[in-house]
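Visitor: Take a look at this one; I'll ask things after.
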Amino acid sequence: MLMVFLQQALNGIILGCIYALIALGLSLIFGILEVANFAHGEFYMLGAFMALFSMSGLGVSFFPALLIAMIGMGIIGAIIERAVFRPIVGKPLINSMLLSFGLSTALANLALLLFGADPQKIESGLADYHLRFFGLHLTAERLMVLVVGVALVTLLAWFIQSTRTGKAMRAVSQDRVAAQLAGINVSRIYTVTFAISGALAAAAGTMVGAMFFVSPEMGFSVTLKCFIIIALGGFGKIRGVIVAAVMIGLAESLGGGFISYAYKDAYPFLLLVLLFMLKPQGLTGGSGR
Amino acid sequence: MTLLEARDISISFGGLKAVEGVDLFVNEGEIMTLIGPNGAGKTTAFNLITGFLAPDRGTVSFRGRDVTGLPPHDIAALGLVRTFQKTNIFAETTVEHSIAIGFHTRLKAGLGSIVFGGADARAEAREVRERAREILEFTGLAPWAAHLGKNLPYGKQRMLSIALALAANPALLLLDEPATGLNPVETKELIDIIYRIRDERKITVFLIEHNMNLVISISDRIAVLNYGRKIAEGSPAQVSRDPAVIEAYLGRGFRHAS
Amino acid sequence: MNGRMTGAKWLAGLAGAALLCAVPRFFSLDYYLHMFVMSEIYAVLAMSLALIVGFSGQVSMGHAAFYGVGAYASALISLKSGLPFWVTIWCAGAVAGLLSFVIGKMVLRLRGHFLAITTAFFGVLVTLILNNWIELTNGPMGVPGIPRPSPISLPGLTLSFETRADYYYLGLVFVGLVAFLLYRLVNSRIGNALIAIRENEELARSIGVDAMAYKVFAFTLGGALAGMAGSFYAHYILFISPVTFTIAESINLLVMIIFGGMTTLFGPVFGAVALTLLPEFLRMAGSLRLVIYGVALVIFIIWLPLGVWGTIKSKWMERRG
Amino acid sequence: MRGKGILRSVLCVAALLSLGCAAWAALPDGNVRVGVVMPTSGTLAYDGGLALNGVKMAVDEINAAGGVNGHKIELFVEDSAGVPATAVAAMEKLVGMQKVVAVIGDFGSSGTLAMMDVAKRSQTPLITPISLAPKITELGNVWTFRGCDSSEMIAKAFTKWAVQEKKLDKWAFIGVNTDYGRGSVDAFGKKVKDLGGEVVYTEYFQQGETDYYPIITKLKASPANTLCLLGETVDLSRVVNQFHEMGLQEKITVMDPTSGTFNPKFLELAKAKANGIIGASRFVASIKTPKAEKFVADYQKRYNIPPEKYAQAGYDVAHMVAIAVKNADSTDTAKVREALAKIEYEGPQGKAHFDAKNQLQIGEYIIAVKDGKFEIVAGPIMAE
Amino acid sequence: MLLSVKGLSAHYGRVQALSSVDIDAPEGSIVTLIGANGAGKSTFMMAVSGVLRSISGEIEYDGRRIDGLPSDEIVRLGLSQCPEGRRVWPGMTVLENLEMGAFQVGDATLVRDRLMRVYAHFPILEQRSAQLAGSLSGGEQQMLAIGRALMSGPRLLMLDEPSLGLAPIVVEHLVEIIREIRNSGTTIILVEQNAFMALGLADAAYVLETGRVALSGKASELLKNDMVRKSYLGV
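So the sequences go chain by chain: G, Y, W, L and Z.
Take 717 as the starting number for the first sequence in this note's numbering and just add one per residue.
Take -19 as the starting number for the second sequence in this note's numbering and just add one per residue.
Take 1406 as the starting number for the third sequence in this note's numbering and just add one per residue.
Take 4 as the starting number for the fourth sequence in this note's numbering and just add one per residue.
Take 1408 as the starting number for the fifth sequence in this note's numbering and just add one per residue.
Written out as structure tokens, the structure reads:
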């Protein structure tokens, strides 16, 4: 029983890693541009397709494809920010919700049209290597997800914490006007934010594509889950989001394994509602703006 | 007669004692003012009195009734109505409609009557229109009746927030820095309306204000807060001579000017 | 702002009503009538959501849950007890209203996106329960064989509900009654209190509005009306299953009221009709249908952030004032 | 600035209206009009597309051979998006505007169940090539036909073979939480128990679920020796992949008795992990009859993938409709319905006919995946 | 003339916040704008800083038109603003706040120099350098905000209500600092409600009323002006 529990927990942490990658980007967008991007799951989906096509089209192997997908989605993210989100920055939240919902519908169905409904697998070549330790079971592929996920999250945290651009991003999220007055090009920061978010989503998409396949409808449910994560972790808070992502991963894995798998989708929400009831100011304290 | 009495009200935010052991009272028919530097706890005191914050300690009673810890809407319904420091109006409704909204606590028409157009609902609606008209005239907002709140000039927006409070039928009106940002002409109008609120409408007025010119000229009594504590209380003459007040708030400049 | 109707308005209203009643004469195909009946159902749903989101300013992302609960309540009660639709539609309203009252009490102290996400949770939870409480709801297999409303006879008119047109007329009455109810409400002290909460909750409380009570009221009434719409849907399609009442449907409803403009009553109706018919129009675009729909939504929000009707109304008011 | 908002609003409305007018111009002529309602968007789009492939191929075949009594078949395809109300709208459009003689659809049972009332009201035969919900044929709606086997028929044939011949006794079920998954798990579980087996584990998952580690980890701790999977290709290929990742293949035999996975896409997604899976199907591409071989070859040529049972069902159902119109020698929907009920059909999967409840009666093959191919182990077994 | 503004008008929606304002700031001077809240003082500063974009009129800085330039360009040219309400970034440390003030400056030694100079003005900031800005007291936050504005090395510094909510003793210190900054060669535009303090410090003064310049002249003269005494000095 303990082994089953530990195995479930390990699975949950790996899932949490993926969620963290997607949710962090969403959280950055939310914190810095103050728009809700319901099309974020589609960034993740497009990133996965980009990796898939660079592997099948360019013949590159998994890791270069991951990199290509990240760069590609970074660029697409930046373009989408300029073209779609820029005009509604500063408008009420519900506008960006609906706008991005439209964008999500358009992108998902465009992908359906271009790539077909038929799901495809990204071959990382690692799924058939098995690791066994202390009675736990892990494929090399999942280990890779864990390693890459942790590496990217650490890299992002370092970037936000220590680089000039990262600090500028924090400054913009805390007070946009003060950032402008300090000579920060806010418009450029917006674009960079979307580019980073797009790249992170693409990384997550590529790795999920290896574990669970790539298909045009893979995005939507992930988006909602990530909104729960950023609400749970505190809007725009990196550490909170990471903790929340892992919590949600664990909740799904343990709740799905030990309570009822059929209600799996409810556990992340349940966690959130419990938190709101017990601690209305959020996981990491302070009010979400 | 004492209309409002706050005893030993205290509240702290994360260790910071925002208001500490403050006693305040307001007599019926007077104009009372609370002054003090920014951050001294004046607005917090208003929030404690009007139920927007619950005190950690102390009691608030209004017309002899303990109102400590009541929600703001219940306190407002008892006739204790406040305005806000930053301009607080209904931005997307017309001035006339805003004031009609202000009559909320006086309206009693039931759901059935509202839906089926009962006589009392119609009578009420008619009465609200008449009374709103009257308040528009009283506050000089009549020419702006059809404008959206957000399209009013700054001074008129401030007046609208007072008009709204008047519509809520106060016995005691708490005005939080009503003169902030008003030009001298508007300030004069404000002074005039405060007097008329007291004299014509028999409403007691309790102010927070920075404009010492206004404070000295209209207050019957003044209380001074500093770092969450009351440091002085008395007539304008007494307070403006108080060394502690000069030190903490008025500064040498004030003495110099007077 | 006053609720008075002038003679001209009465006349225009009568003409409009006559026109609406004549619709089945001009569009006699069941296909059109089906779209119109669906439009009517969505019009009620949109108005009920607009009461919550548009008038009292509380974003709800789980409205389809009440729609679904109403549909199931009505269908199950009528199947198990044999009560006619004319009774079960009220049961549906009561059950959905009770549920939304309880949920509203729990969540309405939250604001903004916290509220949006929490309501989304209840939306998802209801779908999951409909899917998994097999004994009661029959799960994903759905509930088939729901009876039609029993025929009614009025002087000069008999509705048997064997034809789409009968449903159309019933829906027209339904929309009309809900619109009338909400029109009276939003133009009363209650509507004023809701508007006050939407515009500035702090100020509303300072002038004596019990914000929580009014928010719960709007949420409950909105939920109850959605439940009644659900009942109408169930006894119209005659089969219900959880796939109809998902979060995607909640978002669809939000899109409708934003499209039409949610701070008016006509806006949501307009949005509901337009966005029920639009995907059908777009059928000719084939597989591009949903791409066009999505892009149209994006362009639309950038262009007309107040919604079609909201923009017209605000420009008109600007011109006056 | 001021006029712009109104102009935009008016433009929006005008655009909608003009779209409407364009869409609402109907058109009749002398062809045999057949409607199809399938999900071409949403989560079921891929599988819906396969069924549509079969329908289209059948119609082209018939038209190339001169049509039905000299009339060409004209196909009208509408998207149900997997949403019941949309399916109803789609069928109403086909019936009211296109005046079709019959409608083929939907994929999911919810859509089909919702459309049944339209079928009855408009007196138009509705024939579903996929939907498995027992209710469809049990509600006594004579206008609705199921053109494929039902889960009970498969369960009867399959469990008999697995429990009695293969001596598999401890069964675990993982099913999709839909009418299909739930209904099938019930049907199979009952039959397993009737035959002396034991059901030791049951879990359902939401359609489109990606991560099955929680339930597979739990499965690992159960005494099951047989895993019975009930779902669609993509979900099940994830289950099978993760099943192997957790290293359970030595311990547990995997069954896919409704052959939701017996298609080339599954082989592509699961690769070698597909080997050893056993199931039952009314059709598989390796059936060696002349009709089946021709069908497989034509389909392979046309779509570049081998056909599976959805394509076959679409293909068969389209042929059945054509034959019914031919036998009735009329496009009168009532006559077509009567002809359909009496049809004797022979297609790639063998001989078939409808019973009194409009349920297709058809044989089942037991099939195993071996070296990336579907091999027939036994059959066809008739359920009766 | 370091800054010369001619006919500046600005709108927020349909509300006119500034109408045809002319203001000049000679190099090396302290110019003050006084007036009631809502008179347009902050709007003026935001317009000059390039944050408020819907403006008309001419803004000339150091002989070149800067109206229409984005705010980061304007900061690069040496024009810095310390906004009303301090607006420090509460979740960043004092040091990070200061570093971000020098966002445009690439040269690390220059940043270091300026940091030292800010610390020399406000020793308390050095003590608190690792603390989150949000945890500072009001007076310390004001110093941080001024320090941050100085980090870009401005030739023209605009201070919006620096004394707001500060204890008189802190205000006195602030007056000293502002003098020091001017004496080190930086031109200052000062917006103040504390008209006494402002007029005592400034060389020239403008009185704004409902978006217009109602009065202007030497600060010492305005101090004696009846209207100013009555309306803004509370005499």
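Each residue gets a CB set at the ideal place from its N, CA and C atoms; glycine is no exception.
Being a predicted model, the structure only gives us computed values, none of them experimental.
1. So, at 6 Å on beta carbons, what are the nonlocal neighbours of ALA739/G in its own chain, with the 5 sequence-adjacent residues on each side left out?
2. Are the C-beta of THR213/L and some C-beta of chain W separated by less than 9 Å?
3. Taking C-beta pairs closer than 8 Å, name the residues in chain G that MET249/L reaches, listed in chain order.
4. Considering only residues of the segment 29 to 58 of chain Y, which uninterrupted alpha helix (DSSP H) runs meet the minimum length of 4 residues and lie entirely inside it, listed in chain order?
5. Would you say GLU(-15)/Y faces chain W, with C-beta separation under 9 Å as the test?
6. Would GLU933/G and ALA824/G qualify as a contact pair, given that the criterion is a beta-carbon distance under 9 Å?
7. Could you check what DSSP says for ALA28/L in three-state terms: helix, strand or coil?
8. Taking only beta-carbon atoms, is ARG1516/W less than 9 Å away from chain Y?
9. Does the CB of LEU187/Y have a neighbour CB from chain Z at under 9 Å?
10. At 4 residues or longer, and completely inside the segment 81 to 160 of chain Y: list those alpha helix (DSSP H) runs for me, N to C.
11. Span of the alpha helix (DSSP H) holding TYR1574/W?
12. For the segment 919 to 944 of chain G, enumerate the residues whose C-beta is nearer than 9 Å to any C-beta of chain W, in chain order.
13. Using the three-state DSSP reduction, which class does ASP259/L fall into: helix, strand or coil?
14. What are the boundary residues of the beta strand (DSSP E) that VAL61/Y is part of?
15. Can you tell me where the beta strand (DSSP E) with ALA105/L in it begins and where it stops?
16. Would the beta-carbon of LYS130/Y fall within 9 Å of that of ILE69/Y?
17. What are the residues in the segment 128 to 159 of chain L lying within 8 Å of chain W by C-beta distance?
18. How would you call SER83/L, buried or exposed, if buried means at least 16 neighbouring beta carbons within 10 angstroms?
19. Would you say SER113/L faces chain W, with C-beta separation under 9 Å as the test?
20. Checking 9 Å against the spacing of the C-beta atoms, do ASP120/L and PHE1644/W come in under that value?
21. Which residues, taken in chain order from the segment 1416 to 1442 of chain W, show a beta carbon closer than 7 Å to some beta carbon of chain L?
22. Please check the pair LEU1670/W and ALA1584/W, which I expect to be a contact at CB under 8 Å, by giving their CB distance rounded to whole angstroms.
23. In this structure, does DSSP put LEU(-4)/Y in helix, strand or coil?
24. What does the Cβ neighbour count give for ILE1519/W, buried or exposed, with the cut at 16 atoms within 10 Å?
25. Tell me which residue opens and which closes the beta strand (DSSP E) that PHE357/L is part of.
26. If you measure between the beta carbons of PRO51/Y and ASP1615/W, is that distance less than 9 Å?
27. Output the residue ranges of the alpha helix (DSSP H) runs that lie fully inside the segment 1450 to 1528 of chain W and measure 4 residues or longer, sorted by chain position.
28. Going by C-alpha to C-alpha distance, which of SER1479/W, ILE1697/W, ALA1598/W sits closest to PRO1549/W?
29. What residues in the segment 1529 to 1550 of chain Z have a beta carbon less than 7 Å from any beta carbon of chain Y?
30. Is the CB-CB distance between ILE1612/W and VAL1458/W below 9 Å?
31. Contact defined as beta carbons within less than 8 Å: I believe THR261/L pairs with ARG241/L. What is the distance between those atoms, to the nearest angstrom?
32. Please tell me whether GLY1699/W has its Cβ less than 9 Å away from any Cβ of chain L.
33. Would you mind working out which of GLY108/L, ALA61/L, PRO351/L, LEU78/L sits nearest TYR318/L, comparing C-alpha positions?
34. Mapping DSSP to helix, strand and coil, what is CYS1426/W?
35. In whole angstroms, give me the CA-to-CA distance for LEU731/G and LEU152/Y.
36. Are the CB atoms of THR1439/Z and ILE1596/Z within a distance shorter than 9 Å?
Guide: The structure says:
1. Mapped onto the first sequence, residue 739/G falls at position 23. In the same chain as ALA739/G, and ignoring 5 residues on each side of it, the C-beta atoms closer than 6 Å to its own belong to CYS942, ILE945, ILE946, VAL957, ALA961, in chain order.
2. Position 210 of the fourth sequence, counted from the start, is the residue given in the question as residue 213/L. Against chain W, the CB of THR213/L has no partner CB under 9 Å away; the residue lies outside that interface.
3. Within the fourth sequence, the letter at position 246 stands for residue 249/L. Contacts between MET249/L and chain G, judged by CB atoms closer than 8 Å, involve HIS853 in chain order.
4. For the segment 29 to 58 of chain Y, the full-length alpha helix (DSSP H) segments reaching 4 residues or more read 52 to 57 along the chain.
5. Residue mapping note: residue -15/Y aligns to position 5 of the second sequence, counting from 1. Not one beta carbon of chain W lies nearer than 9 Å to the beta carbon of GLU(-15)/Y.
6. Here residue 933/G refers to the residue found at position 217 when the first sequence is read from its first residue. Here residue 824/G refers to the residue found at position 108 when the first sequence is read from its first residue. Going by beta carbons, GLU933/G and ALA824/G fall inside the 9 Å limit.
7. On the fourth sequence, residue 28/L is found 25 positions in, with the first residue counted as 1. Bear in mind that a pLDDT of 34 at ALA28/L, under 50, signals an unreliable position, so the number given afterwards is only what the model happens to contain. In this structure, ALA28/L counts as coil in the three-state DSSP scheme.
8. Locating residue 1516/W in the third sequence gives position 111, counting from the first residue. No - not a single Cβ of chain Y is within 9 Å of the one on ARG1516/W.
9. By 1-based counting over the second sequence, the position of residue 187/Y is 207. Using a Cβ-Cβ cut-off of 9 Å, LEU187/Y does not count as an interface residue toward chain Z, since no Cβ of chain Z sits closer than that to its own.
10. If only uninterrupted alpha helix (DSSP H) runs of at least 4 residues are considered, those enclosed by the segment 81 to 160 of chain Y are 91 to 96, 99 to 119, 134 to 147.
11. Here residue 1574/W refers to the residue found at position 169 when the third sequence is read from its first residue. For TYR1574/W, the enclosing alpha helix (DSSP H) begins and ends at 1569 to 1591.
12. Residues PHE936, LEU940, PHE943, ILE944.
13. Taking the first residue of the fourth sequence as position 1, residue 259/L is located at position 256. In the three-state DSSP reduction, ASP259/L falls in the strand class (E or B).
14. Here residue 61/Y is taken as the residue at index 81 of the second sequence, counted from 1. Start and end: 60 to 62.
15. Locating residue 105/L in the fourth sequence gives position 102, where the first residue counts as 1. Judged by DSSP secondary structure, ALA105/L falls within the beta strand (DSSP E) whose first and last residues are 105 to 108.
16. Here residue 130/Y refers to the residue found at position 150 when the second sequence is read from its first residue. Here residue 69/Y refers to the residue found at position 89 when the second sequence is read from its first residue. In terms of Cβ geometry, LYS130/Y and ILE69/Y form a close pair [threshold 9 Å].
17. So the list reads ALA136, LYS138, LEU142, given in the order they occur along the chain.
18. Stepping through the fourth sequence from its first residue, residue 83/L is reached at position 80. Classification for SER83/L: buried.
19. Along the fourth sequence, one-based indexing puts residue 113/L at 110. With a threshold of 9 Å between beta carbons, SER113/L makes contact with chain W.
20. On the fourth sequence, residue 120/L is found 117 positions in, with the first residue counted as 1. On the third sequence, residue 1644/W is found 239 positions in, with the first residue counted as 1. Contact: yes.
21. Correct list: LEU1434, ASP1435, TYR1436, HIS1439, MET1440.
22. Within the third sequence, the letter at position 265 stands for residue 1670/W. Within the third sequence, the letter at position 179 stands for residue 1584/W. Confirmed, about 6 Å.
23. Position 16 of the second sequence, counted from the start, is the residue given in the question as residue -4/Y. In the structure shown, LEU(-4)/Y sits in a strand (DSSP, three-state: E or B).
24. What you label residue 1519/W is simply residue 114 of the third sequence in a count that begins at 1. Reading off the sequence shown, one finds Phe at residue 1519/W, where the question assumed Ile. By the Cβ-count criterion, PHE1519/W is buried, with 16 or more other Cβ atoms from all chains shown falling within 10 Å of its own Cβ.
25. Position 354 of the fourth sequence, counting from 1, holds the residue named residue 357/L. Taken as a continuous stretch (DSSP letters only), the beta strand (DSSP E) holding PHE357/L covers 353 to 357.
26. In the second sequence, the residue the question calls residue 51/Y occupies position 71. In the third sequence, the residue the question calls residue 1615/W occupies position 210. In this structure, ASP1615/W lies closer than 9 Å to PRO51/Y by Cβ.
27. Here the runs fully enclosed are 1468 to 1486, 1490 to 1512.
28. Your numbering for residue 1549/W matches position 144 in the third sequence. Of SER1479/W, ILE1697/W, ALA1598/W, the residue nearest in Cα terms is SER1479/W.
29. Within the segment 1529 to 1550 of chain Z, the qualifying residues are GLY1545.
30. Walking along the third sequence from the start, residue 1612/W turns up at place 207. Walking along the third sequence from the start, residue 1458/W turns up at place 53. No, Cβ-Cβ distance for ILE1612/W and VAL1458/W is not below 9 Å.
31. What you label residue 261/L is simply residue 258 of the fourth sequence in a count that begins at 1. What you label residue 241/L is simply residue 238 of the fourth sequence in a count that begins at 1. Wrong, their Cβ atoms sit about 17 Å apart, outside the cutoff.
32. Locating residue 1699/W in the third sequence gives position 294, where the first residue counts as 1. No - not a single Cβ of chain L is within 9 Å of the one on GLY1699/W.
33. The residue labelled residue 318/L in the question sits at position 315 within the fourth sequence. Checking every option, the nearest Cα to that of TYR318/L belongs to ALA61/L.
34. Numbered from 1 along the third sequence, position 21 holds the residue referred to as residue 1426/W. Three-state result, CYS1426/W: helix.
35. Against the first sequence, residue 731/G aligns to sequence position 15. Against the second sequence, residue 152/Y aligns to sequence position 172. Each residue's alpha carbon lies about 59 Å from the other.
36. Stepping through the fifth sequence from its first residue, residue 1596/Z is reached at position 189. Stepping through the fifth sequence from its first residue, residue 1439/Z is reached at position 32. Yes, they are a contact pair.
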